[in-house]
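Asker: Take any residue in the sequence shown, count from 1 to its spot, add 919: that is its number in my numbering.
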Amino acid sequence: MELFFQFREKNLHYKKEGTGEALVLIHGFLENLSMWDEMAVEFSKTHQVIRIDLPGFGKSDCIEDIHSMELFAECIKQLLKELNVDKFTFIGHSMGGYAGLELLKICPEKINHFILFHSTAKADNKQKKNDRSRAIKTVKEKQNIYLKTAIPFLFTDQFQVPCSGNIQKMIAEANNLHSSGIIAALKGMQQRKDCNELLKILTCKKTYIAGTYDPLLNVAALREEASNNEANFIEIENAGHMSHFECPSETINTFLKLLF
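Now the structure itself:
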């Protein structure tokens, strides 16, 4: 059954499975809630699993010209309120982690365990902001060409062939998105704030999960960031930015150990 909720007069898609302690899963850029399918099967045996298609992705409507991380956080908060979720564990992949950091600002008392999955609390540096500006220009001109370049780049080299099916599926799904949603998210990430000070003072359990060969986030830098923020750090060896596809069994087992 397809589930939707209203946010600012737009329809946002979500899924809810299982019972028990709430576990909120938020996807990354150019993804949708289906990225969690395999993990949700395991997690829903013991938890109430809540997954959302962020605005502009999956089956959710685009809301504004810029989808700030604050806007993403507000829509997550509203759904959790409608579902009467008081306490929860949060897992955010990449951009989903950025949204989660803003969620920390508005309801820190509700989060039992905050997990950054191939993500960072740092804001974009100048180079990254420039990269996003170029990406916005390319999406406006030739969205399909942008996707054929950007999505494979999320995967480390050794998994380009083994994960070719995942890559092609992501490209096909992203090609069905309206360019306005992709651009709105790029602008939102480009403008996001640094959240390291916020994360450092957070009193709940905090964990970073990183891939040894992540092409987007340096694992040594993430290890240092986690230490500075008094968070646990777990490295998935041989994985890149997409360990849920690259090393699914190891990734699921890593999460199961964290959740119990």
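Beta carbons are placed, not taken as given, at the ideal position from N, Cα and C, and that holds for glycine. Computed from a predicted structure; not experimentally measured.
Please work out which residues of its chain come closer than 8 Å, Cβ to Cβ, to Gln1079, disregarding the five sequence neighbours upstream and downstream, and give them in chain order.
Answerer: Here the set comprises Pro1071 and Ile1086.
Asker: Would you kindly work out how many angstroms separate the C-alpha atoms of Asn1003 and Glu1060, rounded to a whole number?
Answerer: Looking at the two C-alpha atoms, the distance is approximately 43 Å.
Asker: Which residues in the same chain as Gly939 place their Cβ atom closer than 8 Å to its Cβ, once the five residues preceding and following it in sequence are excluded?
Answerer: Closer than 8 Å at Cβ, skipping near neighbours: Thr965, His966 and Gln967.
Asker: Can you tell me whether DSSP reads Thr965 as helix, strand or coil?
Answerer: Three-state result, Thr965: coil.
Asker: Given a threshold of 16 other Cβ atoms within 10 Å of its Cβ, counted over all protein chains shown, does Phe1179 qualify as buried or as exposed?
Answerer: It is exposed - the Cβ of Phe1179 has fewer than 16 other Cβ atoms within 10 Å.
Asker: Taking His946 as the reference, give the member of Ile985, Glu928, Glu1143 and Gly1011 with the closest Cα.
Answerer: Ranking Ile985, Glu928, Glu1143 and Gly1011 by Cα distance to His946 puts Gly1011 first.
Asker: Lys978 to His932, Cα distance in whole Å?
Answerer: Their Cα atoms are separated by approximately 6 Å.
Asker: Might you give, ordered along the chain, the residues of its own chain that have their beta carbon closer than 6 Å to the beta carbon of Arg1142, omitting 5 neighbours on each side?
Answerer: Taken in chain order, the residues that qualify are Phe1152.
Asker: Measure the alpha-carbon distance for Met1089 versus Leu949 and round it to whole angstroms.
Answerer: Approximately 7 Å between the Cα atoms of the pair.
Asker: Out of Asn1147, Gly1107 and Phe1007, point me to the one whose CA is closest to Ile1117's CA.
Answerer: The sequence shown places Leu at residue 1117, not Ile. Ranking Asn1147, Gly1107 and Phe1007 by Cα distance to Leu1117 puts Asn1147 first.
Asker: When you compare each of Met1014, Lys1029, Met958 and Cys1166 to Leu1135 by their alpha carbons, which one comes out closest?
Answerer: Ranking Met1014, Lys1029, Met958 and Cys1166 by Cα distance to Leu1135 puts Met1014 first.
Asker: State the CB to CB distance for the pair Ile1034 and Ile1128, rounded to an integer number of angstroms; the pair is presumed to be in contact (CB under 8 Å).
Answerer: Indeed, because the Cβ distance is near 7 Å, the residues count as touching under 8 Å.
Asker: For Gln925, which beta-bridge partners are listed by DSSP?
Answerer: According to DSSP, Gln925 bridges with Asn930.
Asker: Relative to the C-alpha of Ser963, which candidate in Pro974, Met954 and Ala941 has its C-alpha closest?
Answerer: Closest by alpha carbon: Ala941.
Asker: At a cut of 8 Å, does the segment 1163 to 1177 reach the segment 1092 to 1099 through at least three beta carbon pairs?
Answerer: No contact exists between the segment 1163 to 1177 and the segment 1092 to 1099.
Asker: So, is Lys1000 buried or exposed, given that buried needs 16 or more other C-beta atoms within 10 angstroms?
Answerer: Classification for Lys1000: exposed.
Asker: Whether or not the segment 1109 to 1125 and the segment 1038 to 1047 are in contact is what I'm after, with contact meaning three or more pairs of Cβ atoms, one per stretch, closer than 8 Å; do they touch?
Answerer: The segment 1038 to 1047 is in contact with the segment 1109 to 1125.
Asker: What would DSSP say about Tyr1127, mapped onto helix, strand or coil?
Answerer: Strand, per DSSP.
Asker: Give the DSSP bridge partners of Ile1030, in chain order.
Answerer: Beta-bridge pairing links Ile1030 to Phe1007.
Asker: Check whether the Cβ atoms of Val1058 and Ser1098 sit closer than 9 Å, and answer yes or no.
Answerer: Going by C-beta atoms, Val1058 is nearer than 9 Å to Ser1098.
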